[in-house]
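S.K.: Numbering-wise (my numbering), the sequence shown opens with residue 29 and increments by one. From the three backbone atoms N, C-alpha and C, an ideal C-beta is built for every residue, glycine too. On a predicted model such as this, the values are computed, not experimentally measured, just so you know. Here's a structure for you.
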Amino acid sequence: MGSKDMDLIDEDGKRLDGREYDELRPISIEAGVLKRADGSAFINWGKNKIMAAVYGPREMHPRHAQDPSKAVVQARYNMAAFSVPDRKRPGPDRRSVEIGKILSEALDEIIFVEQYPRSTIDVFIEVLEASAGTRCAGLTVASVALSDAGIPMSDMIASCAAGKIDGQVVLDLGKNEDNYGQADVPIGLVPRTDELTLLQMDGDLTEEEYEQAMELAMDACHDIYKKQKDALRERYSTDLEEQEFEEIPQEGIEEG
Ligand code: ADP
C-alpha cells in the first residue's frame with residue numbers, strides 16, 4: 029500500500045474509473061478454452077487477463093513427493109514478462125511462489141484429495157495482463173478450470189478483495205487504488221458454506237472497517253460465483269449444440 033498522494037474518490041463519491049464504492053470491475057469467464065489441458069478457463073477481470081489450465085489427477089513425480097493418503101494440489105502462479113507496463117523478469121520470484129502456495133492451500137480445501145492418493149493435480153495460472161487483484165482473479169478462474177476438468181470438489185471458490193482508499197472502504201481495488209490506497213484484503217470464499225479459504229491483509233483497517241470490507245467482499249463473491257456457474261453452463265450447453273455427430277455409414281450394414 030502506498031502513501032496517499034492522489035485523489036481516488038471524487039466529490040460525487042465516484043472512483044477513478046467511475047465505479048461506486050461497492051462495484052466490481054467488469055468480469056467475464058469462459059470455460060474450456062484449451063484442448064490439451066484436462067480443464068481450462070479464461071477470465072477477463074477489469075484489465076486482468078488470466079488463463080488457468082488443469083492437468084491431472086496424474087501420478088506424482090518425483091515419487092518421494094507423493095503423499096500416500098491424498099493428491100497434492102500444485103497451483104503455479106506465473107506472470108508473463110509482458111503482463112505489466114515494465115517488462116517483468118521471467119520466472120518465479122518470491123511473490124509468485126507465495127501466491128502459488130496460498131492458492132494451492134485454498135484449492136486443497138475444496139478438492140476431494142483423498143480420492144487420489146500418490147497423485148498430483150497441477151493448476152497453472154498464467155497471468156497474461158495484470159492490473160491488481162490477480163490472485164483473486166487467478167483463484168476464481170482456477171476453480172472453474174478444476175470444475176471443467178471434472179475433478180470432484182465440494183464447491184468452487186469465488187474470490188475478490190475489498191480495501192480502503194481515501195479513508196473509505198471499497199470493493200475490488202484497481203491498479204491506482206492498490207498503489208495509492210491504504211489497505212487491501214483479498215478473500216477466497218466457498219459460497220455454499222460461506223467458509224473462507226483465503227484471507228490476507230495488506231495495510232491497516234479498524235475493526236469496523238474490516239467488518240465492512242468483509243461484508244462487501246463476501247457479497248461480491250456470491251455474484252462472482254454466479255458468473256463461474258454461468259461459464260460452466262455455457263461451456264456444456266454450446267458443446268452439445270455444436271457437436272457434430274458422425275453419420276453412420278449405411279453401406280455394408282445387413283438388414284434383418
Ligand atoms: P494482486 O495482483 O493479487 O493484487 P499484488 O498486490 O502483489 O497482487 O500486486 C498488485 C499488482 O501489482 C499486480 O496485479 C500487478 O498489476 C502489479 N505487479 C505485481 N508484481 C509486479 C512486477 N513484478 N512488476 C510490475 N508490476 C507488478
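For Thr148, is the classification buried or exposed, using 16 other Cβ atoms within 10 angstroms of its Cβ as the cut-off for buried?
M.R.: buried
S.K.: Mapping the DSSP letters down to three states, classify Gly128 as helix, strand or coil.
M.R.: Gly128: helix per DSSP, three-state reduction.
S.K.: Looking only at C-alpha atoms, which of Asp232, Leu217, Gly195 sits nearest to Lys254?
M.R.: Leu217
S.K.: If you measure from the CB of Thr148, is any heavy atom of the ligand ADP nearer than 7 Å?
M.R.: Residue side-chain check: Thr148 keeps its Cβ at 7 Å or more from all non-hydrogen atoms of the ligand ADP.
S.K.: Would the beta-carbon of Lys129 be found less than 7 Å away from any heavy atom of the ligand ADP?
M.R.: no
S.K.: Excluding the 5 residues flanking Glu262 on each side, which residues of the same chain have their C-beta closer than 8 Å to its C-beta?
M.R.: Glu58, Ala59
S.K.: Does the stretch 89 to 100 come into contact with the stretch 64 to 81, if we say contact requires no fewer than three beta-carbon pairs (one atom in each stretch) closer than 8 Å?
M.R.: no
S.K.: Please confirm if the stretch 76 to 91 is in contact with the stretch 182 to 198, defined as three or more CB-CB distances below 8 Å between the two stretches.
M.R.: no
S.K.: Mind checking whether the beta-carbon of Lys192 lies closer than 7 Å to any heavy atom of the ligand ADP?
M.R.: no
S.K.: With DSSP run on the structure shown, which of helix, strand or coil describes Gly284?
M.R.: A caution first: Gly284 carries a pLDDT of 45, below 50, which makes its placement in the model too unreliable to give a value.
S.K.: Is any heavy atom in the ligand ADP found nearer than 7 Å to the beta carbon of Asp114?
M.R.: yes
S.K.: Does the separation of the CB atoms of Ala259 and Ala69 fall below 8 Å?
M.R.: yes
S.K.: Please determine, among Pro85, Ser171, Pro214, Ile130, the residue with the shortest C-alpha to C-alpha distance to Gln143.
M.R.: Pro85
S.K.: Taking Asp212 as the reference, give the member of Val112, Ile138, Tyr264, Leu227 with the closest Cα.
M.R.: Considering only Val112, Ile138, Tyr264, Leu227, the residue with the shortest C-alpha distance to Asp212 is Leu227.
S.K.: Considering just the uninterrupted stretch of the alpha helix (DSSP H) at Asp206, what are its terminal residues?
M.R.: 203 to 208
S.K.: Assuming Ala165 and Ile37 form a contact by the criterion Cβ under 8 Å, report the distance between their Cβ atoms to the nearest whole angstrom.
M.R.: Wrong, their Cβ atoms sit about 23 Å apart, outside the cutoff.
S.K.: How long is the line joining the alpha carbons of Leu199 and Tyr105, rounded to whole angstroms?
M.R.: Within the model, the alpha-carbon separation for Leu199 versus Tyr105 is close to 23 Å.
S.K.: Looking at Ala158 and the ligand ADP, is the gap between the Cβ and the nearest heavy atom below 7 Å?
M.R.: Yes, since a heavy atom of the ligand ADP falls inside the 7 Å radius drawn around the Cβ of Ala158.
S.K.: Can you grab the Cα-Cα spacing for the pair Ala177 / Val155, in whole Å?
M.R.: 20 Å
S.K.: Excluding sequence positions up to five away, which residues of its chain have a Cβ less than 6 Å from the Cβ of Ala109?
M.R.: Excluding sequence neighbours, Ala109 sits near Arg115, Lys116, Pro118.
S.K.: Thinking just about the alpha-carbon of each residue, which of Asn204, Phe152, Thr162 is nearest to the one in Asp35?
M.R.: Asn204
S.K.: Taking the alpha-carbon positions, what's the Phe87 to Pro113 distance?
M.R.: What sits at residue 87 in the sequence shown is Glu, not Phe. Roughly 39 Å separates the two Cα atoms.
S.K.: Output the distance between the C-alpha atoms of Met229 and Pro90, rounded to the nearest integer angstrom.
M.R.: Those two C-alpha atoms are separated by around 35 Å.
S.K.: Just the C-alpha distance for Arg64 and Thr162, rounded to the nearest angstrom, thanks.
M.R.: 24 Å
S.K.: Within 10 angstroms of the Cβ of Ser56, are there 16 or more other Cβ atoms? Answer buried if so, exposed if not.
M.R.: exposed
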